[in-house]
Amino acid sequence: MERSSSNLDFLFGPPSQPLETQKHPREAAILVQQYLSTSPRSHHDIVSGGGVLKRGRHVGTRMEDPDNLRSRQDLATGLQRMASTPDEAATKIQQCYRKHRLDLSLRHRPFSKFGQEAFDLIKQYVSRGEGGRGLYEENIVVKARLILHFDINKTVLMSDKAQGANTDHMVNVLLSECAWGRLEPGPKWVPVGRLATDRPSNDPQLMTYRSYLDSFLLPFRIGSDPEAQRYNSHAKHERQSYKRKFTEPGQPGEMFRGVYTQLREALALPCETKGAVESDSKSQYLFGGGARHILPSFFNLLKHLHAQKRDFSIIFRTFGADIMEVVDEMNMFATGQHPCYPEVRMDGSDGSATDLRMSVPQSTSAFLRITTKSDGSLLLEGASEEVLKAKELSRETIQQSVNAGQGQLHTDFASMHAAIMAKACRGNRAYAIRDYYPFWKSRNERSRAGKVLLLDPTDQDTIQIFFDDNIGHGAAHIVDVRDMLTGEGLAFQEVVGRHIMKVEPLNAILDPQYFVRAVHGCVLAVLRARSEVNEQRSTDNSGFSASMTIRERESSMGSMRRGVPPPAHHSRRARDLWSLVHTRLVAMIRLRNAMQDKS
């Protein structure tokens, strides 16, 4: 296959010798994958001899070669000794790739089962270049504007001042929702020492402490009569009381006190910030308890996006009355007044497009939902402080705001989407939307009554992602993802991991780069899906067939080669899959070039 330098030089750089591009990218990807493998033996399977990278063979598989295994220790001058990190290993592979024509073979691996895996391996390789800049990071992701929706409570904020819940309470609540145990006579909940966000598959009888409270100790009564409502209100208050002291001495979750301490330490303000907090009244309001307000992992995402010169916008989404607290802290962060980030300036003063200062009503909106139909919702653009602070948002509150000339109403999904995009694409900005809790509650907390996320399937210039801790593992639950053109709901399988992402609060607290990784993973998933759609459209228009291409190639071979049946590990299906992989790679390159031309 003739090499197209215009398409492939940006991936691998100008080589000193001609390269077979259909073969070597996947071989380099295999090397990277082998180095990143969890197998302790795999690091020794990659050795360097005379400047040429070679691939060893695993014991106990069809790839085994006894002679090679006996001499493996003698050749162990490989990547484990050449590099200390996977990124360094990938860089060394690429450097060696540029200097030498690699003499590697695929004949030892049955690739017929790994079509998608092969594509993923290639992506791992081409996305890692020198300095961490590659196909995705440098040439595609940066061209698409990121519009990131964040729930507030238990997603980026670990306190709820409106409900009187401080950080200590919230950490206990979080642990009560992921601590598993068994029900014993009484009823009594006994922990098994396991923390997990999803039900452990090996024991269906396990339940979380929260489930125990909701279903056994303090279940709600059915009915709308005053007596049932009074009982349910009392039961809800008691549930919260039990969860807020879950790990205290003598409580069912006392064994998790060590985890509680670890989380509290991760949320504690640095010692050097205490003086700044005590000298400022607004800081005392937000940080008076000695704990962080908005999570460091969220602020680290903002710093990362700004440093990478990404086009992005942040939209906070909440059912509650906590928007004003977020507005205050975001303004402190953007102007360098935040006690933990005095060095940060994201107020446009550096001449960049990033200005994360928020104001009311310019940066705020509110949803009102009446039905699940496309014309059954309203968006109030320019929501007043009264709307944002209302204990429970109601139609009357929004109507009063409209009657007073405060804000603009949008009555259909298309106009709502246009209004949100107009704000989100104006620059790197931050906004907030208060969603309509009464409607979600009245529909038994189903996703089709939740927070609206409007997607335009034809839009290739933006990527919207919604982060919420209440998104389920098998259903959206709290996010209503709609096609803004048709008004139809999108299936959970089509959007999960791409446009909606369940946030694990414990991980968001403990991992400073949690949201950076989450955004990156979703973006890659979106780009993969778009690439596949574009590839399919291109295939449909051109009539390309991988199988036909392979047959044409085989027919051009010599008679002796044609007369030999291919070995099992070089089956027709394997070659079909590899051709598809190569086609996908070419499609990604074309997409990158098209986006560069557009810019």
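Numbering (my numbering), first residue to last: 32 to 630.
Think of the CB as a built atom: it goes at the ideal place given N, C-alpha and C, for glycine as much as any other residue.
Owing to the predicted nature of the structure, the values given are computational and were not obtained by experimental measurement.
C-alpha distance - residue i paired with residue j, whole-angstrom precision
| i | j | result |
| --- | --- | --- |
| G212 | T493 | 44 angstroms |
| L226 | Q437 | 47 angstroms |
| K267 | G254 | 15 angstroms |
| R388 | V358 | 8 angstroms |
| F41 | L521 | Low confidence applies here, because F41 scores a pLDDT of 31, under 50, leaving its location unreliable; read the following figure in that light. Approximately 36 angstroms between the Cα atoms of the pair. |
| T489 | G518 | 14 angstroms |
| K274 | E208 | 8 angstroms |
| R219 | P283 | Just to set this straight, residue 219 is Lys in the shown sequence, not Arg. Roughly 9 angstroms separates the two Cα atoms. |
| Q439 | G289 | 50 angstroms |
| E476 | G503 | 12 angstroms |
| V557 | V512 | 15 angstroms |
| S562 | G552 | 15 angstroms |
| P29 | G505 | This structure leaves residue 29 out entirely; the chain is present only between 32 and 630. |
| Q491 | V554 | 12 angstroms |
| L237 | I531 | 28 angstroms |
| I496 | V550 | 8 angstroms |
| M355 | S405 | 29 angstroms |
| L516 | S432 | 29 angstroms |
| L294 | R376 | 28 angstroms |
| A365 | L541 | 24 angstroms |
| K276 | T385 | 41 angstroms |
| D256 | H265 | 15 angstroms |
| N434 | T428 | 10 angstroms |
| T395 | I464 | 6 angstroms |
| K305 | R568 | 58 angstroms |
| N263 | P373 | 46 angstroms |
| D514 | F444 | 9 angstroms |
| E7 | S246 | In the structure as shown, the chain begins at 32 and stops at 630. Residue 7 is therefore absent and cannot be evaluated. |
| M452 | Y468 | 23 angstroms |
| D234 | K422 | 41 angstroms |
| A338 | N362 | 19 angstroms |
| W471 | I401 | 10 angstroms |
| Q194 | D353 | 10 angstroms |
| A322 | S272 | 21 angstroms |
Residues near residue i in its chain [Cβ-Cβ closer than 7 angstroms; skip 5 each side]
| i | result |
| --- | --- |
| R426 | L399 |
| P543 | P327, S328 and N331 |
| D269 | In the sequence as displayed, the identity of residue 269 is Glu instead of Asp. If we look at E269 and ignore the five residues flanking it on each side, its Cβ neighbours are L249. |
| G320 | N197 and T198 |
| K12 | The displayed coordinates of the chain run from 32 to 630. Any statement about residue 12 would go beyond what the structure contains. |
| V547 | N331, L332 and H335 |
| T228 | C209 and E535 |
| V223 | W211, G212, R213 and L237 |
| M591 | Caution is warranted here: a pLDDT of 35 is assigned to M591, below 50, making its placement in the model unreliable, and the coordinate value is therefore given only provisionally. Once the five neighbours on either side are set aside, M591 has no close Cβ partner at all. |
| F318 | L300, V308, H324 and P370 |
| N538 | Y545 |
| V187 | F181, I325, L326 and F329 |
Span of the beta strand (DSSP E) around residue i
| i | result |
| --- | --- |
| S396 | T395 to R400 |
| E215 | A210 to E215 |
| H180 | R176 to D182 |
| G224 | K219 to L226 |
Sequence-distant residues of the same chain with beta carbon closer than 6 angstroms to residue i, five excluded per side
| i | result |
| --- | --- |
| R457 | none |
| P536 | K185, L205 and D500 |
| S380 | none |
| D191 | N184 |
| H441 | L410, M447 and A450 |
| A599 | The predicted position of A599 is uncertain, since its pLDDT is 39 and thus under 50; no value can be drawn from it. |
Alpha helix (DSSP H) segment containing residue i, residue limits
| i | result |
| --- | --- |
| G289 | R288 to L298 |
| G284 | From DSSP, G284 is part of no alpha helix (DSSP H); its letter is neither H nor E. |
| E269 | P257 to R275 |
| I354 | I354 to A365 |
| T198 | T198 to S207 |
| Q315 | S312 to F318 |
Contacts around residue i, its chain only, beta-carbon distance under 8 angstroms, and the 5 residues preceding and following it disregarded
| i | result |
| --- | --- |
| R474 | T403 and A480 |
| V391 | M355, V358, A414, S415, E416 and L419 |
| Q393 | G413 |
| F287 | L206, A210, P222, L226, F277 and T278 |
Does the count of Cβ pairs from the region 337-346 and the region 437-450 closer than 8 angstroms reach three? Touching, no.
Check whether the region 225-242 and the region 310-328 touch, using three or more Cβ-Cβ pairs below 8 angstroms as the test. The answer is no - the region 310-328 does not touch the region 225-242, with fewer than three Cβ pairs under 8 angstroms.
With contact counted as at least three CB pairs below 8 angstroms, one residue from each stretch, are the region 189-204 and the region 526-533 in contact? No contact exists between the region 189-204 and the region 526-533.
Is it true that the region 298-310 meets the region 172-188, where meeting means three or more beta-carbon pairs spaced less than 8 angstroms apart? No: the two stretches stay apart, fewer than three of their Cβ pairs being nearer than 8 angstroms.
For the region 501-558, list the beta strand (DSSP E) runs that are entirely contained and at least 3 residues long, ordered along the chain. 510-514 and 531-533, all fully within the region 501-558.
Considering only residues of the region 433-474, which uninterrupted alpha helix (DSSP H) runs meet the minimum length of 4 residues and lie entirely inside it, listed in chain order? The region 433-474 is shown to contain whole alpha helix (DSSP H) runs of 4 or more residues at 444-455 and 468-473, in chain order.
Check whether the region 362-382 and the region 409-417 are in contact - that is, three or more C-beta pairs closer than 8 angstroms. Segment contact: the region 362-382 against the region 409-417, fewer than three CB-CB distances shorter than 8 angstroms; contact not assigned.
For the region 321-358, which segments carrying the beta strand (DSSP E) assignment without a break, of at least 3 residues, lie completely within its bounds, in sequence order? Within the region 321-358, the complete beta strand (DSSP E) runs of at least 3 residues fall at 343-349.
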